[in-house]
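Sequential numbering of the sequence shown, starting at 5, is according to the working numbering. Everything on this sheet refers to the single structure shown next.
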Amino acid sequence: MKVLNALPIAVAVFMTACTTDPNSPGLEYMPDMYRSPAVEAYVDYGQEAYLVGEDVARAQRNTPSSRKPVPGTIPFRGEDQIAFSLPYPYAQTPEDYERAGVELKSPLVTNQANIEAGEKVYTAMCTQCHGVEGKGDGALSVNGHIAGIPSYVDKLKDLPEGKMYHTLTWGKGLMGSHASQLSQRQRWEVIEYIKVLQQGGEMPEFDENGVLVPADAGGGAKDEPSKPAAPAAPVGMEGMAANTDF
Ligand code: HEC
Numbered sequence: 005m006k007v008l009n010a011l012p013i014a015v016a017v018f019m020t021a022c023t024t025d026p027n028s029p030g031l032e033y034m035p036d037m038y039r040s041p042a043v044e045a046y047v048d049y050g051q052e053a054y055l056v057g058e059d060v061a062r063a064q065r066n067t068p069s070s071r072k073p074v075p076g077t078i079p080f081r082g083e084d085q086i087a088f089s090l091p092y093p094y095a096q097t098p099e100d101y102e103r104a105g106v107e108l109k110s111p112l113v114t115n116q117a118n119i120e121a122g123e124k125v126y127t128a129m130c131t132q133c134h135g136v137e138g139k140g141d142g143a144l145s146v147n148g149h150i151a152g153i154p155s156y157v158d159k160l161k162d163l164p165e166g167k168m169y170h171t172l173t174w175g176k177g178l179m180g181s182h183a184s185q186l187s188q189r190q191r192w193e194v195i196e197y198i199k200v201l202q203q204g205g206e207m208p209e210f211d212e213n214g215v216l217v218p219a220d221a222g223g224g225a226k227d228e229p230s231k232p233a234a235p236a237a238p239v240g241m242e243g244m245a246a247n248t249d250f
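What follows is the structure in structure tokens.
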């Protein structure tokens, strides 16, 4: 008899635990651990204490969500990318511009792939001012918008690569900084192409693997140094002082 009394109750519980919605999880008994708190990146969890109470505000501030890296943090993108990941150690001063000109060397090998990558950047981002051949006669120069753009084959013929990189990073005169548009690798690539323009714009000779043929063997561009293959960290990176933005 007792079993018969309990039966309708059991059936009633069983029936109400099910719903017709196939996506519904049904009745959740003590759901505390079913769902973890969904912490969203870029959500500000640190509301003001007077809005949510001191305890809640403190707990929110301790919620790990998307935070700024600790100052001095350096992104690691792999061994071969270290030279392009370190902070730029030269400050935006005339002295450091000169210093970069002497010390700072490109971590890239001068080869066909790097020069052609640089040509792409140059065509997209620099010709409007510097002109296709780098003679300072781009559209913005010709229409008088930006005056006094120097020519790579003339005034800038012997400009060292370290100074070019410094200028691309910090800007100089009417040329703005390109640090936010170009990665460090792209800055060095476009410099590879400017070095070609400094020699008159004629592509040097490459072998079938895209490796530079030495000038005396091929008679290509002169004074084009071919670099040792292993890209070491650029000279002067030990300091890693001032800014971490680049
Ligand atoms: C808005 C026009 C403009 C654009 C775009 C521009 N430049 Fe310049 N660039 C200038 C001007 C003006 C100067 C001369 C700056 C000075 O010496 O006062 C200059 C100078 C330079 C120099 C010589 C820097 C030195 O240390 O004397 C280099 C190298 C250079 N630009 C490379 C580039 C590259 C590479 C790009 C494309 C990624 C580029 N520029 C884009 C206007 C521009």
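All C-beta atoms, glycine included, are put in the ideal place defined by N, C-alpha and C.
Indicate, with yes or no, if the ligand HEC has a heavy atom lying under 8 Å from the CB of residue i.
i      : result
Gly180 : yes
Thr97  : no
Met207 : no
Glu150 : It should be noted that the sequence gives Ile, not Glu, for residue 150. At least one heavy atom of the ligand HEC is nearer than 8 Å to the Cβ of Ile150, so yes.
Gly135 : no
Thr171 : yes
Lys176 : yes
Ile119 : no
Lys139 : no
Gln203 : no
I need the straight-line Cα distance from residue i to residue j, nearest angstrom please.
i      : j      : result
Val74  : Gly57  : 28 Å
Pro12  : Ala42  : 40 Å
Lys159 : Gln185 : 26 Å
Ser89  : Ala183 : 13 Å
Arg71  : Gly214 : 43 Å
Gln116 : Tyr169 : 20 Å
Would you call residue i buried or exposed, if buried means 16 or more other Cβ atoms sit within 10 Å of its Cβ?
i      : result
Ala151 : exposed
Arg191 : buried
Ala126 : Residue identity differs from the one stated: residue 126 is Tyr in this sequence, not Ala. Tyr126 comes out buried.
Ile119 : buried
Val200 : buried
Which residues in the same chain have their Cβ closer than 6 Å to the Cβ of residue i, if we skip the five residues on either side of it in sequence?
i      : result
Glu123 : Tyr197
Trp174 : Gln96, Ser181
Gly135 : Asp141, Gly142
Give me, in chain order, the residues of the same chain whose beta-carbon lies closer than 8 Å to that of residue i; leave out the 5 immediate sequence neighbours on both sides.
i     : result
Ser28 : none
In its own chain, which residues sit with a C-beta less than 7 Å from the C-beta of residue i, not counting the 5 before and 5 after it?
i      : result
Val239 : With a pLDDT of 49 at Val239, under the threshold of 50, the modelled position of this residue cannot be trusted; read the value that follows with caution. Hits under 7 Å: Glu107, Leu108, Lys109.
Which ranges would you report for the alpha helix (DSSP H) in the segment 85-140 if only whole runs of at least 4 residues count? 98-107, 116-129, 131-134
Contained alpha helix (DSSP H) runs [length at least 4] in the segment 151-197, N- to C-terminal order: 165-174
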